[in-house]
Amino acid sequence: MSRIYTSTLKMNTLIFKNKLNHKCAMLKPNAFVVLLMMVLSFGCKKKEWDAFYGRPDDLAPPIYQVLEQGNFTTLLQLIDKSGYKQTLNTGAGYWTFFAPNDAAFDAYFKSGKFSGVAAIDSSTARAMVQYMLIYNKFSSSRLDDYQASENNTGWTENEAFRRRTAYYTGFYHDESTQGPIVAIADNRNNISTSLTGNYVPSDYNNKYITYFKDNYFSNATLTAADYNYFYPKSNYTGFNVLGASV
């Protein structure tokens, strides 16, 4: 009896396995179809995502990669030391960058304040790089145009000579008539209608960088003599950033 029972059990087990294998065989194509649909769906969604959020083909390379093309070796070393390499190498942000070339750094180091990048500490390097970065992307033809107006009509041409940089600090070194001082970054806006008084949360006391262009000079009836009054050792070329030519 036990042998018959065992044979019957084996037979039943075999039948059950055959049924299970048959069901699995039926499920495998279905599972493959579902998996294929998921892959296709993900692929379609990725294409839609890339089409909407992807990097445009006509977008210029990140700032760091442009500088690597040559003549900016010293500036790249300064960026590495400042901690801004990731920001400028990944295309993060929306910037215009005033980039001193190697010749400009050589002249700067000969002035005697620093002998080279090795003599610049990381916090100073960071401040220097931040002061070269201005918010938003501007072509050279738009730099001297004011970006907004009181009635919000858009660009006001040939009215701009400064842009807001990424550099700001609570305390900074300045010069007064009495000599060097440590100045406090005060949030001075004097807006009488503001609900928060004179304090504006978005005002971080960012420093502005000054530049000079021909169109602005013509509109303001200025000449090279006016530029040389402030920068007597520099030549006005029609596009200058502080005392440097572009």
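Sequential numbering from 141 applies to the sequence shown in our numbering.
Note that beta-carbon positions come from the ideal geometry of N, C-alpha and C, so glycine has one too.
Just so it is clear, the structure is predicted and the values come from calculations on it, not from any experiment.
Counting the other CB atoms within 10 Å of its CB gives Trp235 a total of 16 or more, which places it among the buried residues. DSSP places Tyr369 within a helical segment (H, G or I) once states are collapsed to three. In the DSSP secondary-structure assignment, Gly294 is not bridged to any residue. With a cut-off of 8 Å on Cβ pairs, the segment 203 to 212 is in contact with the segment 221 to 241, counting three or more such pairs.
Taking 9 Å as the cut-off, the Cβ atoms of Arg304 and Asn368 do not count as close.
Contact between the segment 271 to 283 and the segment 295 to 303 is established, with three or more Cβ pairs separated by less than 8 Å. In the three-state DSSP reduction, Ile349 falls in the strand class (E or B).
With contact defined as three or more Cβ pairs closer than 8 Å, the segment 211 to 228 and the segment 240 to 249 are in contact. Here the segment 307 to 319 lies against the segment 265 to 279, with 3 or more beta-carbon pairs under 8 Å apart.
Collapsing the DSSP output to three states places Asp261 in coil. Here DSSP, grouped into helix, strand and coil, assigns Ser316 to strand.
Per the DSSP secondary-structure output, Arg304 pairs in a beta bridge with Tyr348.
Sequence-distant partners of Gly233 (beyond 5 residues in either direction) whose C-beta falls short of 7 Å from its own C-beta, in its chain, are Thr227.
The Cβ neighbour count for Lys353, taken over all protein chains shown within 10 Å, is at least 16; the residue is labelled buried.
DSSP places Phe237 in the uninterrupted beta strand (DSSP E) bounded by Trp235 to Phe237. Listed in chain order, the non-local C-beta contacts of Asn375 below 7 Å within the same chain comprise Ser385, local neighbours out to five positions each way being set aside. Under the DSSP definition of a beta bridge, Ile321 partners with Asp314. Taking every protein chain shown into account, the CB of Tyr224 has 16 or more other CB atoms within 10 angstroms, so this residue is buried. In this structure, Ser262 sits near Ser222, with a CB-CB distance shorter than 9 Å.
According to the DSSP assignment, Asn355 belongs to the alpha helix (DSSP H) that extends over Asp354 to Asn359.
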